[in-house]
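Engineer: Here it is, the structure, as structure tokens.
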Amino acid sequence: MLRLIQNEYKKIFSHYGIYLMLGFLIIFIVGHGIFIKMHSEHGKSYGANWKQELQMQNSKLIKESQEMPENFLAYEYNKKTIALNEYRIQHNIPPENTNSLWTFILSNKPFLSFISLFIIALAATSISSEFNRGTINLIMVRPISRFSFLLSRYMVIVSLCFILIIMLVLLSIGVGYLLFGNSELNTYLVYHNGQVFEEGVVLYISRYFLFASIDIIAISSIAFMISTLFQKNTLSLVMSLCIYFMAGTTMRILAQKYDWTKYIIFSNTDLNMYYTGDILIKGMSLSFSVIIVLLYLFAFLLISFTTFIKRDIIT
8 MLRLIQNEYK KIFSHYGIYL MLGFLIIFIV GHGIFIKMHS EHGKSYGANW KQELQMQNSK
68 LIKESQEMPE NFLAYEYNKK TIALNEYRIQ HNIPPENTNS LWTFILSNKP FLSFISLFII
128 ALAATSISSE FNRGTINLIM VRPISRFSFL LSRYMVIVSL CFILIIMLVL LSIGVGYLLF
188 GNSELNTYLV YHNGQVFEEG VVLYISRYFL FASIDIIAIS SIAFMISTLF QKNTLSLVMS
248 LCIYFMAGTT MRILAQKYDW TKYIIFSNTD LNMYYTGDIL IKGMSLSFSV IIVLLYLFAF
308 LLISFTTFIK RDIIT
């Protein structure tokens with residue numbers, strides 16, 4: 008098993024694709040940091056009267072919320088912002104500087120999309136590419152079981168996802184430290200289940216990126232299943248990317264009208280929504296989403312392994 012994983016990693020790092028992705032990741036993180044540093048004077052900052060500013064902001068948000076339905080995401084976002092502002096005022100916690108090491112790390116969250124696309128593309132072509140090139144015949148004549156072969160491919164996808172996310176965080180820390188220094192923000196305000204509480208910023212960042220990896224792995228597992236079911240690279244890749252780009256938006260639209268969408272995996276993969284206050288459907292919980300995701304992952308892998316093991320492969 009270990010040899011299979013090592014060989015797959017060697018094959019991945021022998022192609023320019025991963026280096027191209029890493030290169031773009033480095034360029035965008037560094038460029039993003041330099042842009043923020045150069046325009047730091049335009050960053051949001053609060054003066055000595057920050058409490059009055061937050062109170063004015065709350066008054067504006069309350070007025071806006073009165074004019075929109077409670078099931079709108081904007082309503083929930085306003086509710087969260089109001090609660091956070093009130094907590095700061097009551098506990099004398101000034102808003103953090105928008106140009107700091109920790110806020111820079113969190114501002115790089117959109118770059119997770121680069122990793123998502125790479126991992127999904129890898130998963131979508133992991134098995135189908137072997138059929139396209141005809142190398143599946145050479146692999147199957149080796150003294151390895153089909154189960155071990157498929158499991159090694161899936162383990163590479165999952166482990167590489169974690170590795171790339173760790174690299175993203177480390178790059179963000181390195182660039183952020185060089186540009187903004189060691190910021191003093193020790194706590195982060197979290198809005199969870201309608202309540203505001205303080206949390207260590209390192210813990211918050213660690214959990215955020217861990218939950219983000221689960222989101223990527225869930226979609227990649229679907230891509231892996233499609234790659235196993237279909238033997239065409241193009242079909243597997245197109246179907247997987249369509250799911251990636253359309254599933255989230257589709258679920259958000261349907262969730263405003265239908266509660267049954269909470270049982271669909273795409274409504275549950277974003278576990279961070281329970282700590283950002285942007286819960287898709289009222290009544291959902293973190294434990295509920297974890298169970299739903301695990302059940303779907305089990306089903307996807309069961310379909311993948313059953314199909315591949317029983318498939319006739321002429322060697």
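So this note's numbering is basically just the index in the sequence shown, starting at one, shifted up by 7.
All C-beta atoms, glycine included, are put in the ideal place defined by N, C-alpha and C.
(1) Taking 8 Å as the cut-off, is the beta-carbon of A230 closer than that to any non-hydrogen atom of the ligand SAH?
(2) In the structure shown, what three-state DSSP assignment does L278 receive?
(3) Run through the DSSP bridge pairs and tell me what L196 is partnered with.
(4) Would you identify the three-state DSSP class for T268, choosing helix, strand or coil?
(5) Among K264, K18, I226 and L244, whose alpha-carbon lies nearest the alpha-carbon of S123?
(6) Name the residue from F216, N92 and L113 whose alpha carbon lies nearest to the alpha carbon of L278.
(7) Which value, in whole angstroms, describes the spacing of the CA atoms of F35 and L129?
(8) Since N189 is in the alpha helix (DSSP H), which residue starts that stretch and which ends it?
(9) Can you tell me the Cα-Cα spacing of S155 and F121, whole angstroms?
(10) Would you mind reading off the limits of the alpha helix (DSSP H) that contains N65?
(11) Using the beta-carbon count (16 or more within 10 Å), is K317 buried or exposed?
(12) Please classify T322: does DSSP put it in a helix, a strand, or coil?
(13) Starting from L11 and walking both ways along the alpha helix (DSSP H), at which residues does that stretch end?
(14) Report the residue from G201, Y211 and I250 whose alpha carbon sits nearest the alpha carbon of T194.
(15) I believe F118 touches L158 by the beta-carbon criterion, under 8 Å. Please report the beta-carbon distance rounded to the nearest angstrom.
(16) In its own chain, which residues sit with a C-beta less than 6 Å from the C-beta of L178, not counting the 5 before and 5 after it?
(17) Work out the CA separation of V165 and S135 for me, nearest whole Å.
(18) Check whether the Cβ atoms of G255 and F273 sit closer than 9 Å, and answer yes or no.
(19) Would you kindly check if the distance between the Cβ of R95 and the Cβ of L68 is under 9 Å?
(20) Measure the C-alpha to C-alpha separation of F307 and I112 and round it to an integer number of angstroms.
(21) By Cβ distance, which residues of its chain are closer than 6 Å to S72, with the 5 residues on each side in sequence left out?
(22) Can you give the Cα-Cα distance for L302 and W267, rounded to whole angstroms?
(23) Measure the alpha-carbon distance for N115 versus L171 and round it to whole angstroms.
(24) Using the Cβ count rule (16 or more neighbours within 10 Å means buried), how would you classify T132?
(25) Within a Cβ cutoff of 6 Å, which residues of the same chain sit near I126, ignoring the five residues on either side of it in sequence?
Structural biologist: This is what the structure gives:
(1) Among the ligands in the structure shown, none appear at all, so the ligand SAH cannot be discussed.
(2) Residue state, collapsed to three classes: coil.
(3) Paired residues: E205.
(4) Three-state result, T268: helix.
(5) Of K264, K18, I226 and L244, the residue nearest in Cα terms is I226.
(6) Ranked by how close their Cα comes to the Cα of L278, the residues F216, N92 and L113 have F216 in first place.
(7) When rounded, the distance between both Cα atoms is 22 Å.
(8) In the DSSP annotation of this structure, N189 is not part of any alpha helix (DSSP H), being labelled neither H nor E.
(9) So the alpha carbons of these two residues sit roughly 29 Å apart.
(10) Counted as a single uninterrupted DSSP element, the alpha helix (DSSP H) harbouring N65 occupies residues W57 to S72.
(11) When all chains shown are included, K317 counts as exposed.
(12) Residue confidence is low: T322 scores 47 on pLDDT, short of 50, so the model does not pin down where it sits. No coordinate-derived value is stated.
(13) That run of the alpha helix (DSSP H) goes L9 to F20.
(14) Taking only the C-alpha atoms, the option nearest T194 is Y211.
(15) Rounded, the Cβ-Cβ distance is 30 Å, inconsistent with contact.
(16) Hits under 6 Å: I36.
(17) In this structure, the straight-line span from the alpha carbon of S135 to that of V165 is close to 18 Å.
(18) It is a contact, given that the beta carbons lie within the stated cut-off.
(19) No, the Cβ-Cβ distance between L68 and R95 is not below 9 Å.
(20) Using only the alpha carbons, I get a separation of about 33 Å.
(21) Within the same chain, S72 has close Cβ partners Y82 and N85.
(22) Straight-line Cα distance between these residues: approximately 16 Å.
(23) Rounded to the nearest angstrom, the two C-alpha atoms are 14 Å apart.
(24) Buried, since its Cβ has 16 or more Cβ neighbours within 10 Å.
(25) If you ignore the 5 residues before and after I126, its C-beta comes within less than 6 Å of the C-beta of C168, I223 and S227, all in its own chain and listed in chain order.
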